[in-house]
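A.B. asks:
In my numbering, the protein residues as written are 26 to 257.
1. Which same chain residues, not among the five before or five after residue 159, have their C-beta less than 6 Å away from its C-beta?
2. Classify residue 123 as buried or exposed, calling it buried when 16 or more other Cβ atoms lie within 10 Å of its own Cβ.
3. Residue ranges of each beta strand (DSSP E) run of no fewer than 3 residues wholly in the stretch 113 to 138, ordered along the chain?
4. Rounding to the nearest angstrom, what Cα-Cα distance links residue 183 and residue 169 in this structure?
5. CB-CB under 8 Å to residue 225, same chain, minus the five flanking residues each way: which ones, in chain order?
6. For residue 171, tell me which candidate among 78, 196 and 142 has the shortest Cα-Cα distance.
7. From the DSSP output, in three-state form, read off residue 168 for me.
8. Would residue 117 and residue 135 be called neighbours here (beta carbons separated by less than 8 Å)?
9. Could you tell me whether the Cβ atoms of residue 210 and residue 243 are closer together than 8 Å?
10. Between which residues of its own chain and residue 165 is the CB-CB distance below 7 Å, once the five residues before and five after are set aside?
11. DSSP on residue 34, reduced to helix/strand/coil?
12. Could you tell me which of 203, 254 and 229 sits nearest to residue 22, measuring between CA atoms?
13. Would you decide whether residue 157 is buried or exposed? Buried here means 16 or more other CB atoms lie within 10 Å of its CB.
14. What whole-angstrom Cβ distance do residue 215 and residue 206 have, given they're in contact under 8 Å?
15. Mapping the DSSP letters down to three states, classify residue 233 as helix, strand or coil.
16. Please state whether DSSP places residue 198 in a helix, a strand or coil.
17. I'd like the list of long-range same chain contacts for residue 33, defined as Cβ closer than 8 Å, with 5 residues on each side in sequence excluded.
18. Roughly how many angstroms separate the alpha carbons of residue 59 and residue 65, rounded to a whole number?
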């Protein structure tokens, strides 16, 4: 009982009377004074930026064209649609021998003719250029022999250059042979000879002997029979 009275007395003594001194505390001032409006604006800007990044990543991952384009860029496999022609496709090589100042191999354009080859080789003073068909179109690998005036075996005007269609070994030139010369080949009749000439005119001349396989009516068996007797 006595203990209870002691506690009550202590509580009365500890109870504030309203006359105590108040403790003054100097709280630090905030470094930044941000209003509610500024905070909302900042959050909006951050939200827009984050949304833009998310949309950009989603678009890049879902767009097949962009992913295909990027992979092509990495692999370096993008083509322009028209592949650049190689130097070999832009030129032909012919040999000029005989009465010229610069005999040998000369590189010309694919549309070159005999006169273009002679301009490169420079015929000498007694060259019989009238024996050559200056307007004849050249093909890769041909040889042009320029005779001298009065030289035995000189070609007559209008005869195909590069030594004629038939040589001493009996081979026939696919690029300059006449219909009759082609018919002289084993297994070649008039229709096949006409097909060879038609292909030659349509393609601008044969680039290789094997191209004869592209002519209608000539298969591997017939080509094997003809090939020992032909040249470009």
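For each residue, glycine too, the CB sits at the ideal point set by N, CA and C.
C.D. replies: So, to answer that:
1. 139 and 140
2. Answer is buried; the Cβ neighbour count reaches 16.
3. Those beta strand (DSSP E) runs which fall completely within the stretch 113 to 138 and span 3+ residues are 117 to 123 and 129 to 133.
4. Residue confidence for residue 183 is low, a pLDDT of 38 falling below 50, so the modelled location carries little weight; the figure read from the coordinates is stated next. Whole-angstrom Cα-Cα distance: 14 Å.
5. Contacts found: 199, 200 and 231.
6. 142
7. strand
8. Yes. Within cutoff.
9. no
10. 117, 118 and 232
11. In the structure shown, residue 34 sits in a helix (DSSP, three-state: H, G or I).
12. Since the first and last residues shown for the chain are 26 and 257, residue 22 lies out of range.
13. That one is buried.
14. With a Cβ gap of about 12 Å, residue 215 and residue 206 do not count as contacting.
15. coil
16. In the structure shown, residue 198 sits in a strand (DSSP, three-state: E or B).
17. none
18. 10 Å
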